[in-house]
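Asks: Chains as they are written, first to last, in this note's numbering: chain A, 265 to 693; chain B, 10 to 214.
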């Protein structure tokens, strides 16, 4: 193979014959006629398309924004880029087969979604779960709350220009993910509940791992608090931005931290307790001004409260079975299914036919990190629901975005959108 | 059962259908014509005080003879009471009810989703457009029971439509008018936009 040399002609425009850069007198030759008046742009509105592929929209959300200068006149959200038809799919699946779908709705708190669906199915079938299962589900819900709020904190601080809290928050989330992986074998798609119990009991070392987390987690929260809460830039970007009054928040059907930041002390865990939340000692965190800053404070303090609940749940975790003692509901262990005729029949019937629910309907709302997650199930007596409706908290919270953003600057729109804490898997379902 | 059902019947008489209980939740059926009045009464009567709209959705049963039900979940935050209000509609008939957006702004997107998924139209809704499916979606209403799980169009047809899609359809007429671009569009394009240019079911002609 012969060597080949290529001579490139390096021509730099703008050099004079001595090789010196030519100073081009910019704009002199074709300057606009200075006698013409400046175009009057006042009253001329601009249309900006934000997303669907934009890091600050937290997923595939597309916002069409009408701007007057830099002021937002109107926001028109476009959704559905992640629509997967989960509710339709649920109508073709057994109750236990729906649980993997719930992982994928709000994928930042999969365990809490699993619990919400299982509670609705159990209400429909009239099942009372065991004490150990109840406490394990509380642990699952509160772990989800912490990871979801940590993701929110990290991504929002990035949106507003603070990088360090993002790293701290994601480190904490990683530690919970390790625990989730230990328990369920999956970090994200946990599918941890079953109708009438849990997919698996917690493994050896889990309690110690979680205790270590609850001991060390407050230190990170204190650090985040120190770096953000009294930070002048953070306060300037968040205080008085996107404020909603209590009456507006109720009228927009907001829930979760969005509702409480506006001063409405409604928490499903206190007002419609499930899983024995009334027996835990924790505070409902309520804001005052309903702006982005209060939403931040509410979520930060909710992490502390979730940590308290986790400690109490670990202290009281009872021994005993995790599943109800009903062979028609719970799959027998594999060893029995292979050796015992009766167990094999139950196994076969559950896998092939599924568990039948009586005719009726049930709605269960639980306090998810994003707000009230409702599962509404309607049964006609078969093993598959007629209708499975998810009341998606971030979908409904997002619907107040145009109201919150109007009149603010474009850069505030990013802060307001972040403060809603959306996850598009749930918004679009 | 929730005492609200009796109070509703005393106020609205025959417009209130049966009340029943399922898994501890109270359900009451309201005639379609009285929905807005009943909802206003439930929200504004001090003894009731259902100030919070939890959810709006619809249910269609597998049994073709059963009516399609609109489901409204209401809650009174001060009293902690909950009520499920239902309206029955004939799935083969007129699917129009009054919008409750004047009462609760939160109903805006929930009603749009019910329209998108079931084809129920809400009279008086300020902006009744599809929300999860795109505006030119032509396959019908996905959560209806006669809608097949895999959709009505074949994969090839879906790809063909996606490739043939009109790029300007990504903006609504309203958005184009904001950008003052509407007047600059060619006349035929404007005409297609104005018609909405819905797709067609293949072999439907």
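Just so it is clear, CB atoms sit at the ideal spot from N, CA and C, and this is done for glycine as well. Keep in mind it's a predicted model, so treat the numbers as computed, not measured.
What span of residues does the beta strand (DSSP E) with residue 338 of chain A cover, start to end?
Replies: 335-342
Asks: Where DSSP assigns a beta bridge to residue 105 of chain B, which residues make up the other side?
Replies: B:130
Asks: Strictly below 7 Å CB to CB, what residues from chain A border residue 184 of chain B?
Replies: 311, 328 and 340
Asks: Please classify residue 534 of chain A: does DSSP put it in a helix, a strand, or coil?
Replies: helix
Asks: Just by C-beta distance, which residues in the segment 34-55 of chain B are closer than 9 Å to chain A?
Replies: 34 and 36
Asks: By Cβ distance, which residues of its chain are closer than 7 Å to residue 555 of chain A, with the 5 residues on each side in sequence left out?
Replies: 502, 503, 504, 505, 506 and 507
Asks: What residue ranges within the segment 468-542 of chain A form continuous alpha helix (DSSP H) runs of no fewer than 4 residues, ordered along the chain?
Replies: Segments of the alpha helix (DSSP H) lying fully in the segment 468-542 of chain A: 470-492, 496-502, 510-515, 521-525 and 532-535.
Asks: Compare the C-beta of residue 679 of chain A with all C-beta atoms of chain B and state if any pair is closer than 8 Å.
Replies: no
Asks: Note down, in chain order, every chain A residue with its Cβ under 9 Å from the Cβ of residue 158 of chain B.
Replies: 349, 352, 353, 355 and 356
Asks: So residue 592 of chain A and residue 619 of chain A are supposed to be a Cβ contact under 8 Å. How far apart are they, rounded?
Replies: 7 Å
Asks: Identify, in the order they occur along the chain, each residue of the same chain with its Cβ nearer than 7 Å to the Cβ of residue 693 of chain A, setting aside the five sequence neighbours on each side.
Replies: Contacts found: 347, 348, 350, 351, 369, 654 and 656.
Asks: What's the gap between the Cα of residue 100 of chain B and the Cα of residue 37 of chain B?
Replies: 20 Å
Asks: What does residue 94 of chain B touch in chain A if you count any residue whose Cβ is under 7 Å from its own?
Replies: Going along chain A, no residue has its Cβ under 7 Å from residue 94 of chain B, so there is no contact; the nearest lies around 13 Å.
Asks: Go ahead and pull the three-state DSSP assignment for residue 70 of chain B.
Replies: coil
Asks: Tell me which residues share the same chain as residue 362 of chain A and place their Cβ nearer than 7 Å to its Cβ, disregarding the 5 neighbours each side in the sequence.
Replies: 354, 381 and 652
Asks: Taking beta-carbon pairs under 7 Å, can you tell me which members of the segment 511-526 of chain A lie near chain B?
Replies: 514, 515, 516 and 517
Asks: Counting contacts by CB-CB distance shorter than 8 Å, is residue 325 of chain A in contact with chain B?
Replies: Taking Cβ atoms only, chain B never reaches closer than 8 Å to residue 325 of chain A, which makes this a no.
Asks: Answer yes if the segment 19-27 of chain B comes into contact with the segment 71-88 of chain B, meaning at least three C-beta pairs across the two stretches below 8 Å, and no otherwise.
Replies: no
Asks: Contact between the segment 633-650 of chain A and the segment 402-418 of chain A is defined here as three or more beta-carbon pairs at a separation below 8 Å; is this criterion met?
Replies: yes
Asks: Report yes if the CB atom of residue 400 of chain A is closer than 8 Å to the CB atom of residue 641 of chain A, and no otherwise.
Replies: No, the Cβ-Cβ distance between residue 400 of chain A and residue 641 of chain A is not below 8 Å.
Asks: What residues in the segment 21-34 of chain B bring their beta carbon closer than 8 Å to a beta carbon of chain A?
Replies: Only those residues of the segment 21-34 of chain B whose C-beta falls short of 8 Å from the nearest C-beta of chain A are listed: 31, 32, 33 and 34.
Asks: So if I threshold CB-CB distances at 8 Å, which residues from the segment 612-637 of chain A count as touching chain B?
Replies: 624, 625, 626, 627, 629 and 636
Asks: With DSSP as the reference, identify every bridge partner of residue 462 of chain A, one or two as the case may be.
Replies: A:457
Asks: Chain B partners of residue 650 of chain A, CB-CB under 7 Å?
Replies: 68, 70 and 71
Asks: With residue 415 of chain A as the anchor, note down where its beta strand (DSSP E) starts and where it stops.
Replies: Bounds of any beta strand (DSSP E) do not take in residue 415 of chain A; it lies within the alpha helix (DSSP H) bounded by 395-423.
Asks: Which residue comes first and which comes last in the alpha helix (DSSP H) that contains residue 452 of chain A?
Replies: Per DSSP, residue 452 of chain A is not a residue of any alpha helix (DSSP H), being assigned neither H nor E.
Asks: For the beta strand (DSSP E) containing residue 28 of chain B, name the first residue and the last one.
Replies: Element bounds for residue 28 of chain B: 25-31.
Asks: If you run the structure through DSSP and keep just helix, strand and coil, what is residue 360 of chain A?
Replies: In the structure shown, residue 360 of chain A sits in a helix (DSSP, three-state: H, G or I).
Asks: Look at the Cβ atom of residue 81 of chain B, then the Cβ atom of residue 514 of chain A, and state whether they are nearer than 8 Å.
Replies: no
Asks: What residues from chain B crowd round residue 344 of chain A, counting only those whose CB sits closer than 7 Å?
Replies: By Cβ distance, chain B contributes 140, 141, 142 and 143.
Asks: Would residue 15 of chain B and residue 626 of chain A be called neighbours here (beta carbons separated by less than 8 Å)?
Replies: No, the Cβ-Cβ distance between residue 15 of chain B and residue 626 of chain A is not below 8 Å.
Asks: For residue 81 of chain B, go through chain A and note every residue whose CB falls closer than 8 Å to its CB, in chain order.
Replies: Going along chain A, no residue has its Cβ under 8 Å from residue 81 of chain B, so there is no contact; the nearest lies around 11 Å.
Asks: Checking 8 Å against the spacing of the C-beta atoms, do residue 98 of chain B and residue 121 of chain B come in under that value?
Replies: no
Asks: Check whether the Cβ atoms of residue 443 of chain A and residue 474 of chain A lie closer than 8 Å to each other.
Replies: yes
Asks: Identify the contact partners of residue 151 of chain B in chain A, using a Cβ-Cβ distance below 8 Å as the criterion.
Replies: 349 and 352
Asks: Is residue 371 of chain A close to chain B? Criterion is C-beta to C-beta, closer than 8 Å.
Replies: In terms of beta-carbon proximity, residue 371 of chain A stays away from the interface with chain B, with every pair separated by 8 Å or more.
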